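Residue numbers (our numbering), protein chains in the order written: chain A, 8 to 231; chain B, 8 to 231. Here a beta-carbon is modelled for each residue, glycine too, at the ideal position from N, C-alpha and C. Keep in mind it's a predicted model, so treat the numbers as computed, not measured. To start, the structure under review is shown below, and the notes come after it.
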DNA sequence: TCAAAAGTGTTTCTCTTACACCCATGT
DNA sequence: ACATGGGTGTAAGAGAAACACTTTTGA
């Protein structure tokens, strides 16, 4: 008999900073939202735990990894999610004292394994951002290319040429113009865009057999 | 209380065909090697199950995905492995009647979910082969570039120009010459190579911020 | 000497990179 | 008017794709 739990790594970008969602139970340290799994399906349970403990619902969860844990929970199935912080107000659940966003580079003391899970989620986010347009999930319904650009820079922790970025994003067809503009402070008003979401997968262009071999062997969890 | 199990998807390439390792218990249909997890670590238990049921040991396992299952096992953590079939003789374990390699495109009836897990493993293999030199695991200690070429073609299910392939593999530095040659039937003898394995990760070249955005959104398991 | 497989080099073209300038607004 | 962020275009270079020929063996 093994105890199974789900753990949620919900990330956002604010003020050019990557942050993760943490909860605190009375008398306990900060931790990832997490809960025991009984009969339910893993993904179902993960949504439920997130909703119950933080008030967030209706977002995409992606299974990240299953970790060995000690304590009562022996196997923790982690889920990763990306959201725009201001689209989802936080509401601490019943047995939760506080919910808050916490910068990745300034984490408090956490239960064993949680920091590792967060680090792995961060790595995966970075890796996937490089080849899939998932970063739009971190922005509101409509956004400017400047905002998207900033999010990419934060995630990849690199400077991206704004002009090339714009060209590539538009060429990739992952966003569409919304028609309106936004003016905020000085500077020319920026056009607003929205993600094309799933329709886009269909349009997806085949890539040649180009990248068939690569120089990078991503270290993953292996065992002899 | 939830029952946790591990399932192993071990793949090989033979005669230009992708095959997966299946086992059969007395009175049961064919299935992936699998076993219950009790107190052990997941990866440890996965190695053990593989060894006990098929006689194979000492290979790299990569965690693939955790699936919901019905029956007694409610959560199945799957592991993916690539090996050269002829390097590992099969030895059916105690409660196993038969072990065999089975072509992916001609699977027998399997327990619910197993076919899906195999399909997902296949997809992952294909995707990862495109950017990481994992295919060498499917070959013996030493091999010719012709053999490696063939393995790539089988996995990617595409024709790769032999000359460009050779150039790129050598440039990537993932293999090194062994010095000897092999002659088999007519044709010029082929030089033998070996994988540079892990030393190679260090040499790994940084790639520019090139592939920052892409046209492909790999569909993954999501939930609302 | 012929068939079969291994190995080498070159040209073309696309995509990435790097970079300089104009536009529209708030103050 | 000027500072600030938004938007457009282009030229140079690297890398991918396509391709033709020589070499070495067994039969």
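* Coarse secondary structure for residue 127 of chain A, derived from DSSP in three states -> helix
* Asked: Does any C-beta atom of chain A lie closer than 8 Å to the C-beta of residue 73 of chain B?
  -> By this cut-off, residue 73 of chain B is an interface position.
* Asked: Taking the alpha-carbon positions, what's the residue 126 of chain B to residue 196 of chain A distance?
  -> 48 Å
* Asked: Are any of the Cβ atoms in chain B nearer than 8 Å to that of residue 49 of chain A?
  -> yes
* **Proximity below 8 Å, CB of residue 30 of chain A to CB of residue 60 of chain A** => yes
* **For residue 54 of chain A, the three-state DSSP class (helix, strand or coil)** => In this structure, residue 54 of chain A counts as helix in the three-state DSSP scheme.
* So, helix, strand or coil for residue 111 of chain A, using DSSP? -> helix
* Asked: Residues of chain B with a CB under 7 Å from the CB of residue 18 of chain A: which are they?
  -> Chain B residues near residue 18 of chain A: none, gap ~15 Å exceeds 7 Å.
* To do: Report the residues of the segment 96-115 of chain A with a CB closer than 7 Å to any CB of chain B, ordered along the chain.
  => Against chain B - using a Cβ distance shorter than 7 Å - the segment 96-115 of chain A contributes no residues.
* Asked: Thinking just about the alpha-carbon of each residue, which of B:148, B:160, B:178 and B:158 is nearest to the one in residue 185 of chain B?
  -> B:148
* Asked: So, helix, strand or coil for residue 104 of chain B, using DSSP?
  -> Coil.
* Would you report the Cα separation of residue 57 of chain A and residue 80 of chain B, rounded to the nearest angstrom? -> 25 Å
* To do: With 8 Å as the threshold, decide whether the Cβ of residue 161 of chain A is near any Cβ in chain B.
  => no
* To do: Could you pull the start and end residues of the alpha helix (DSSP H) that residue 159 of chain B belongs to?
  => 152-163
* Does the Cβ-Cβ distance between residue 88 of chain A and residue 27 of chain A come in under 8 Å? -> no
* To do: Take residue 77 of chain A as the anchor and find which of B:45, B:98 and B:189 has the nearest alpha-carbon.
  => B:45
* To do: Identify, in the order they occur along the chain, each residue of the same chain with its Cβ nearer than 7 Å to the Cβ of residue 94 of chain A, setting aside the five sequence neighbours on each side.
  => 147
* If residue 101 of chain A and residue 32 of chain A are in contact, beta carbons under 8 Å, what's the gap, nearest whole angstrom? -> Actually they are not in contact, since the Cβ atoms of residue 101 of chain A and residue 32 of chain A sit about 10 Å apart, beyond 8 Å.
* Asked: Secondary structure at residue 216 of chain A, three-state DSSP: helix, strand or coil?
  -> The pLDDT assigned to residue 216 of chain A is 30, lower than 50, so where the model puts this residue is not dependable, and the model offers no usable value.
* CB-CB under 8 Å to residue 50 of chain A, same chain, minus the five flanking residues each way: which ones, in chain order? -> Around residue 50 of chain A: 68, 70 and 86.
* Option in B:37, B:182, B:110 and B:54 with minimal Cα separation from residue 151 of chain B -> B:182
* Asked: Using the beta-carbon count (16 or more within 10 Å), is residue 52 of chain A buried or exposed?
  -> Classification for residue 52 of chain A: buried.
* Would you report the Cα separation of residue 19 of chain A and residue 120 of chain B, rounded to the nearest angstrom? -> About 34 Å.
* To do: Confirm, please, whether the CB-CB distance from residue 142 of chain A to residue 162 of chain A is below 8 Å.
  => Yes. Within cutoff.
* **Contiguous beta strand (DSSP E) assignments of at least 3 residues, all confined to the segment 170-208 of chain B** => 182-189 and 197-202
* Asked: Helix, strand or coil: how does DSSP classify residue 44 of chain A here?
  -> coil
* Asked: With distances taken from CA atoms, which of B:82, B:8, B:134 and B:74 is nearest residue 124 of chain B?
  -> Ranked by Cα distance from residue 124 of chain B, the first of B:82, B:8, B:134 and B:74 is B:74.
* Within 8 Å (strictly less), CB to CB, does residue 80 of chain B reach chain A? -> Chain A contact via Cβ: absent.
* Asked: Counting contacts by CB-CB distance shorter than 8 Å, is residue 70 of chain A in contact with chain B?
  -> yes
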